[in-house]
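Residue numbers (UniProt numbering): 1 to 683.
C-beta atoms are modelled at their ideal positions from N, C-alpha and C, and glycine is treated no differently.
All values derive from a computational prediction rather than experimental measurement.
Rendered as structure tokens:
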């Protein structure tokens, strides 16, 4: 049995596992240990104060650090259910925080900026979920147009063990998914109707519209999240005029509290919301659902007399509209109505991204997908024949040959003929390669071996590796990087398990190493270290001691200059770059000069941020990870914590309270972390 349905019994804090951090973070980053800390100490927020189980003064100091509060914050003891607790006594102005914002690749030479919420903000959001989870799902279920909206709190999730990298050579019963705690949740809520937009393209909804309507136009909201005005959540729920005129009457409402939360996690900003966390998508969805309803009502009015499902059909996926119609005049009325209703909420359409298709409604991407699926299915497989041997026993004979040059040429031809880009098709293509690669490795174990079998397989794997890196290198993004890493880790695990001829193992590992170095070298000129290629540093660690980067390559990748005696970073390193580099070099002597340079850079960073050390999400995340890092000595940690007013005698005790925070410095399982990114579907 490959799929298991498991009950989710996590407390409300499980929202920090799925809803308060972007998906596109380094593989070494996780909220898992933060979640465990919240549970262990029962850390809660209510109205404006925080509370936790009373243990010792060292714990109090650590939690105040986590919350971004001064060490002299007034604390009060109280009893709850015969257990002693500590509670803060703070003012409202202590609650806002600065989110950590970082860039990821978006389009050619363009970047999106995503945000990681301050730990304090995540606790505020947990409290909000606890109080208002039912209202969240209510206001996310009002529009018939939405293709992706929170439907209810997740009660179970699917574990598809056969999709896990860890399951490669193991029975289901041997697979442990994060200590049987099943913490790798996709989301706090169950979502209707589709997990991604590609499911919609293959759905009955889409097929029904194709039969009924001749045209499909796609519209996009310009800079949606950056343009959302936080107060407009009240306009969505109470109507704009009432919300503006009766402001005092809304101050204890769901809308006001949600508005307040989104401001607090974004340094009290009202123009624009942070991008990345699911929390922000929920906020936007509630506003968009209200706009949907206004659009439908306006089109149904006497002025237009257009009925949804009869004269037209609209679907919306987050900030993208799909409009089906037969009459161009009707489309013009719909587009005008959408523009007007969006403007009422300070939003607008991106006229440069409007696309129209006529029946048969099939996009160039869909055509290319079908061709690519056929190509990869034909090229990436064993030729297996069942035979009867001399003893009368049935056996399988197999051979495999993959011409990487021919495969790459045919792949490029499909893209050229279809007029699409690598980024349009990359995730889809890599998903097929992963499935086909796994099938090849399984088939190899079932065939009768001969003198050429092992060599054939190694040559085939080299071709797969080269092809995978070739298509990935054109447009690397976080999603495609994860898929690349899954394919390569699949091969690494297989090689380590099968223990082939040492020459063959070196052939595979050197192929991976050379291809990875080529990608790193390509991105060494960037002004910052991309999240995408940070994954590849961690991937290289899986190859073992003979495949570490030399200092010259590593300094080039991180743009570190040398005057012959000392090193200096030429780029600004953010929290993710610092922790990924430190994770890679760990305490290896060969990287001592780089490590010394990095620690000096960190010191300068703290000096530059002295005014926002506590409220800045980036600095709090960095501080907590650094004090847990086993590659940094205790004196350095004392210096860091002294900047927060924590005395040196307390540091050793504070450091010992939590082994890991957001980066798991030791006992890191790459396959398990990739599986956690693969996610488990909830229902």
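Could you give the DSSP three-state label for residue i: helix, strand or coil?
i: residue 43; result: coil
i: residue 500; result: coil
i: residue 113; result: strand
i: residue 146; result: strand
i: residue 371; result: helix
i: residue 665; result: coil
i: residue 78; result: strand
i: residue 680; result: With a pLDDT of only 46 at residue 680, under the threshold of 50, the placement of this residue in the model should not be trusted; the figure read from the coordinates follows. Residue 680 falls in the strand class under three-state DSSP.
i: residue 675; result: helix
i: residue 216; result: strand
i: residue 71; result: coil
i: residue 298; result: helix
i: residue 267; result: coil
i: residue 153; result: strand
i: residue 208; result: helix
i: residue 358; result: strand
i: residue 194; result: coil
i: residue 593; result: helix
i: residue 394; result: strand
i: residue 17; result: helix
i: residue 385; result: strand
On the criterion of 16 or more Cβ atoms from any shown chain inside 10 Å, does residue i qualify as buried, or is it exposed?
i: residue 174; result: Note that residue 174 has pLDDT 35, beneath the 50 cutoff, so the model's placement of it is unreliable and no number is given.
i: residue 121; result: buried
i: residue 49; result: exposed
i: residue 169; result: Per-residue confidence for residue 169 stands at a pLDDT of 47, beneath the threshold of 50, marking its modelled position as unreliable; the derived number appears in the next sentence. Exposed, since its Cβ has fewer than 16 Cβ neighbours within 10 Å.
i: residue 224; result: buried
i: residue 460; result: buried
i: residue 675; result: buried
i: residue 78; result: exposed
i: residue 534; result: buried
i: residue 56; result: exposed
i: residue 180; result: For residue 180, the predicted structure reports a pLDDT of 39, less than 50, and the residue's modelled location is therefore unreliable. The matter cannot be settled from this model.
i: residue 109; result: exposed
Would you kindly check if the distance between the Cβ of residue j and the Cβ of residue i is under 8 Å?
i: residue 128; j: residue 114; result: no
i: residue 222; j: residue 349; result: yes
i: residue 286; j: residue 365; result: no
i: residue 632; j: residue 652; result: no
i: residue 495; j: residue 508; result: yes
i: residue 532; j: residue 474; result: no
i: residue 306; j: residue 671; result: no
i: residue 152; j: residue 116; result: no
i: residue 465; j: residue 511; result: yes
i: residue 210; j: residue 361; result: yes
On a CA-only basis, which of the options is nearest residue i? Give me that one, please.
i: residue 254; options: 132, 306 and 424; result: 132
i: residue 289; options: 198, 210, 150 and 363; result: 150
i: residue 69; options: 118, 543 and 504; result: 118
i: residue 154; options: 143, 142, 137 and 334; result: 137
i: residue 380; options: 360, 396 and 402; result: 402
i: residue 142; options: 476, 24 and 296; result: 296
i: residue 231; options: 331, 345 and 319; result: 345
i: residue 580; options: 544, 25 and 18; result: 25
i: residue 426; options: 439, 452 and 471; result: 471
i: residue 124; options: 95, 107, 612 and 145; result: 95
i: residue 353; options: 319, 369 and 617; result: 319
i: residue 566; options: 599, 574 and 322; result: 599
i: residue 555; options: 544, 577, 546 and 543; result: 577
i: residue 687; options: 195, 359, 340 and 62; result: Any answer about residue 687 is impossible in this case: the structure gives the chain only from 1 up to 683.
i: residue 363; options: 240, 218, 455 and 300; result: 218
Please tell me whether, using a cut-off of 7 Å, the distance from the CB of residue i to the nearest non-hydrogen atom of the ligand HEM is below it.
i: residue 240; result: By its list of ligands, the structure shown contains no ligand whatsoever, and the ligand HEM lies outside what it can speak to.
Report all residues from its chain with a CB closer than 8 Å to the CB of residue i; omit the five preceding and five following residues, and keep chain order.
i: residue 111; result: 103, 104 and 105
i: residue 659; result: 33 and 628
i: residue 517; result: 549 and 553
i: residue 610; result: 643
i: residue 666; result: 630
Identify, in the order they occur along the chain, each residue of the same chain with its Cβ nearer than 6 Å to the Cβ of residue i, setting aside the five sequence neighbours on each side.
i: residue 583; result: 28
i: residue 677; result: 482
i: residue 424; result: 365
Using a Cβ-Cβ cutoff of less than 7 Å, which residues in the same chain neighbour residue i once the five nearest sequence positions on both sides are dropped?
i: residue 42; result: 52 and 53
i: residue 443; result: 382, 384 and 398
i: residue 250; result: 234, 238, 243 and 256
i: residue 10; result: none
i: residue 693; result: There is no way to answer for residue 693, as the model of the chain reaches only from 1 to 683.
i: residue 283; result: 233, 258, 262 and 273
i: residue 587; result: 631
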